[in-house]
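Note sheet for the following structure.
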Amino acid sequence: APDIPVIDQAYSKLSNSITVEWRAVAGATNYLLTAQDGDSFVETIVKTSPGTVTGLKPATLYRVTVRSINSGGKSQPSPFRKVKTVLAAPILSVHSPRCDSIAVSWKAVHMAAGFSVSLMRSDGLGRMLKQNTTNTSLIFTNLDPGTLYTIKAYAWNANGMPGDDFTYNQRTSPNAPVDVKVSFNSGALRAVVSWMPTEGALTYSVTVSSGLLKLRCNTSSASCMVPSLQCSSEYYVSVTAYNDAGSSEPTDAVSLKTIPCAPVNISIEEDEPGHLLVSWSSVSLGHYYVVFVKSDDGLEVHCNTSYTQCHFQSDCGFTYFISVFAYNKAGQSPLGDVLNYTTAPCCPSDFRAVFISSDTVRLTWAPVRGADLYETRAAGGSGVLLCRDTATACTLSALQCSTPYNITVSSFSEARGSSSSCAPQYVATAPCSPEIKNISKEGLSVISVQWQPNNEEATYVVTARGEAGLWHCTSTRNSCTLMDLPCGSAFSLSAIARSPAGQSLPSYSIPLETAPCCPNDLTLTQVTQSVTNISWSVGRGAQTYVTTLESPKGRAKCHTLQTYCLLGCITCGTNYTVSLRAISETGLTSSCTYQGYSSSACCPSGVKLYRLSNNGIRVFWRASDETINYNADLHGSKGNFSCTPSSGLSHCDITKIPCGDVYTVVVAPVTDKGPKLTFCPTKIYS
1 APDIPVIDQA
11 YSKLSNSITV
21 EWRAVAGATN
31 YLLTAQDGDS
41 FVETIVKTSP
51 GTVTGLKPAT
61 LYRVTVRSIN
71 SGGKSQPSPF
81 RKVKTVLAAP
91 ILSVHSPRCD
101 SIAVSWKAVH
111 MAAGFSVSLM
121 RSDGLGRMLK
131 QNTTNTSLIF
141 TNLDPGTLYT
151 IKAYAWNANG
161 MPGDDFTYNQ
171 RTSPNAPVDV
181 KVSFNSGALR
191 AVVSWMPTEG
201 ALTYSVTVSS
211 GLLKLRCNTS
221 SASCMVPSLQ
231 CSSEYYVSVT
241 AYNDAGSSEP
251 TDAVSLKTIP
261 CAPVNISIEE
271 DEPGHLLVSW
281 SSVSLGHYYV
291 VFVKSDDGLE
301 VHCNTSYTQC
311 HFQSDCGFTY
321 FISVFAYNKA
331 GQSPLGDVLN
341 YTTAPCCPSD
351 FRAVFISSDT
361 VRLTWAPVRG
371 ADLYETRAAG
381 GSGVLLCRDT
391 ATACTLSALQ
401 CSTPYNITVS
411 SFSEARGSSS
421 SCAPQYVATA
431 PCSPEIKNIS
441 KEGLSVISVQ
451 WQPNNEEATY
461 VVTARGEAGL
471 WHCTSTRNSC
481 TLMDLPCGSA
491 FSLSAIARSP
501 AGQSLPSYSI
511 PLETAPCCPN
521 DLTLTQVTQS
531 VTNISWSVGR
541 GAQTYVTTLE
551 SPKGRAKCHT
561 LQTYCLLGCI
571 TCGTNYTVSL
581 RAISETGLTS
591 SCTYQGYSSS
601 ACCPSGVKLY
611 RLSNNGIRVF
621 WRASDETINY
631 NADLHGSKGN
641 FSCTPSSGLS
651 HCDITKIPCG
661 DVYTVVVAPV
671 TDKGPKLTFC
681 PTKIYS
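1 is the number of the first residue of the sequence shown in full-length UniProt numbering; add one for each residue after it.
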């Protein structure tokens, strides 16, 4: 075995080890170091000197020996040395209670008489701070915020021997951020909070609070976006900086007022036609309001007010889209409910009424905005007539004649109903048809017509219509007279009533026949002494004729379909009155009076012939009346001869008659005009 080593010195620099130095032993390959504390010991094999025994207890007295070793074995222990381990290092508990201080504390160290704690910026800047204390805690103040410091502490015993030291790196908590700014995005209802970065801050926390509601945003940058903010809310924004040492004080709260919420309880009223009243509930944080009203033709108007209602002009038949926004310094509220309001349709215009008949009127008007349906109401007479249609026209029938109607055309829409304020139109129907009550003849060509007056302020027109033409009479009363109607004509008689409202239907027609016309020409020709032929022209409208010759001596009468007649039993030399009655097919009679007629004088009687010589003859007769002049005519093949006696004589002589001939002798009264009478008796003379 090798020689026993000799310890030169033994000491403790660390609380858990003792270092031993000895002189080397020849032939020794290893050394066995032993530290013994009572019954316990710790051994360590080392190659050379010095050697260190570890795993020891702090502040403990050990007996240290060294043994040399080689392949032959171990030497005896060297003489021991007593060595006490140094004090254990204090275990520090470090934190930064404020941004400019660091608090250090530790537990008591066994056998420690005091402690020494030093502090210095880890970047070497500045001076080192050192404090000795017998307490187990201390605070370093007036430090730089957010700065990393290195802290070293150790304990010493009563002899002033320092023990193990303990090193700890601690950063001071950051200072509160400065220059905090809040940028609000009204459209997205979010805010971006920014600040100046603070020394030593690793992260930041933004707190946005409103009442019990708190929103947080954590970031490592110098800004942060806070979403999902509520409208009409006031938030208080603060920023806290953080690092591994803790947090800074929150910044002073910055007030953030968000945009107001969209107004609610919007109501629209048309307090009177043409005026819209828009009202809504007040909105928190709303400073003023803007109401936008856009009509369906694209025109938009707006109203700016600090109250909760606005008035707008409106037109009939329009649909208005209404939105209300609230405003404050933060901006415009979100879009709320967009209400639409349709005003009542316009009243129809360009109203026209055209009577198709006396009891039917066709109404037309121009189409109006907003109208889905039109209603026509005609009030008058005994009731109300209604007409509903989508067209801009209506036909009202079965109207009462001669009646004023108030006609109102209203337009309807599904959204708003009717245009109830439309002005009525006055329309009067045509007069009622008159009813002819009586027709009387006041003369040959004069007809009086009477009717029942059933209209007010009407003019009546009676018309006689026939092949002969038209005849009219007019009156505002209940009768009128048709003058100068042609005879022998058939008419259809009707009456109408006229007023400013129009013309009635004609009355029922009544047939009217005028008396037949008297013949214009009437000719009497005496055929024999007792027979007269009467002929006449055609009388219009006459079917039969009755002719009469009447005198004190008697009357002759003839009823015939012809335009001539032979009347017998005529007394010669008599004055007759001539009359003719023209009778129509229906029995109407016209009495016609003509110039009187005188029958020819009576033929003489007792005609005798006396020969005067071979070529002469005396004709002698007996006159029926001494005042009648006669004429004797002698007719033969060799000539005709006549003689007329002097007044008052009843004979005359005819001379120079050719002999040897047969003559016919006729004595007849002399007529003033016309042909000679040929019906007197003849005598033969040879």
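Ideal Cβ positions, reconstructed from N, Cα and C, are used throughout, including at glycine.
Asked	Found
Leaving out five residues on either side along the sequence, give the residues of the same chain with a beta carbon under 6 Å from the beta carbon of A428.	P404 and A501
Relative to the C-alpha of residue 696, which candidate in Y168, S646, D164 and T655 has its C-alpha closest?	In the structure as shown, the chain begins at 1 and stops at 686. Residue 696 is therefore absent and cannot be evaluated.
Contact defined as beta carbons within less than 8 Å: I believe A191 pairs with P263. What is the distance between those atoms, to the nearest angstrom?	So it is not a contact: roughly 23 Å between Cβ atoms.
Under the DSSP definition of a beta bridge, which residues are partnered with F355?	V361
Candidates S220, Y204, I534 and V226: which alpha carbon is nearest K214's?	V226
By Cβ distance below 7 Å, which residues in the same chain neighbour N243 in space, the five residues on each side in sequence not counted?	G146, R171, S173, P174, G200, A201 and L202
Which class does A88 belong to by DSSP, given the choice of helix, strand or coil?	coil
Mind the definition here: the stretch 596-604 touches the stretch 622-638 only if three or more C-beta pairs lie below 8 Å; say whether that holds.	yes
Would you mind stating whether G73 and A1 have Cβ atoms separated by less than 7 Å?	yes
If I measure Cβ to Cβ from A113 and keep anything under 7 Å in the same chain, skipping five residues before and after, which residues do I get?	W156, N157 and A158
How about S186 and G336: do their beta carbons lie closer than 7 Å?	no
For Q526, which option in S75, G380, Y426 and G568 has the closest C-alpha, if you only look at C-alpha atoms?	G568
By a C-beta neighbour count over all protein chains shown, 10 Å radius and 16 as the cutoff for buried, is L143 buried or exposed?	buried
Does the Cβ of H651 have 16 or more other Cβ atoms within 10 Å, making it buried, or fewer, making it exposed?	buried
Rounded C-beta distance between L87 and D39? I'm assuming under 8 Å.	About 24 Å separates the two Cβ atoms, so there is no contact after all.
Report the three-state DSSP secondary structure of W280 (helix, strand or coil).	coil
Using 7 Å as the threshold, is the C-beta distance between S118 and K107 below it?	no
Where do the ends of the beta strand (DSSP E) carrying M225 lie?	S223 to V226
Alpha carbon to alpha carbon, how far is S228 from I102? Give it in angstroms, no decimals.	39 Å
Cα separation between Y426 and V409?	12 Å
State the Cα-Cα distance for the pair T319 and D296, rounded to the nearest angstrom.	6 Å
Report the rounded CA-to-CA distance for M128 versus L148, giving the unit in angstroms.	13 Å
Counting C-beta neighbours from all protein chains within 10 Å, is the total for S597 16 or more, i.e. buried, or is it exposed?	Residue identity differs from the one stated: residue 597 is Tyr in this sequence, not Ser. Result: buried.
Given a cut-off of 7 Å on the beta-carbon distance, is the pair A495 and V462 in contact?	yes
Can you give the Cα-Cα distance for A415 and G370, rounded to whole angstroms?	9 Å
Taking the DSSP output, what are the residues bridged to T574?	Its beta-bridge partners do not exist; DSSP assigns none.
I'd like to confirm the pairing. Which residues does DSSP put opposite F292 in its beta bridges?	H302 and S323
Do L18 and V46 have their CB atoms nearer than 7 Å?	Just to set this straight, residue 18 is Ile in the shown sequence, not Leu. No.
So what's K656 in DSSP terms, helix, strand or just coil?	coil
Between which two residues does the beta strand (DSSP E) carrying Q526 extend?	L522 to Q526
Can you name the start and end residues of the beta strand (DSSP E) that G380 belongs to?	L373 to G380
What residue from T571, N533 and G587 has the CA that sits closest to T563's CA?	N533
For T560, which of T544, P552 and N16 has the nearest alpha-carbon?	T544
So if DSSP puts T390 in a beta bridge, which residue, or which two residues, is it bridged to?	T390 is not bridged to any residue.
Just verifying my parser: in three-state terms, what is the DSSP assignment at M196?	strand
Going by DSSP, what residues sit across from V461 in a beta bridge?	T474 and I496
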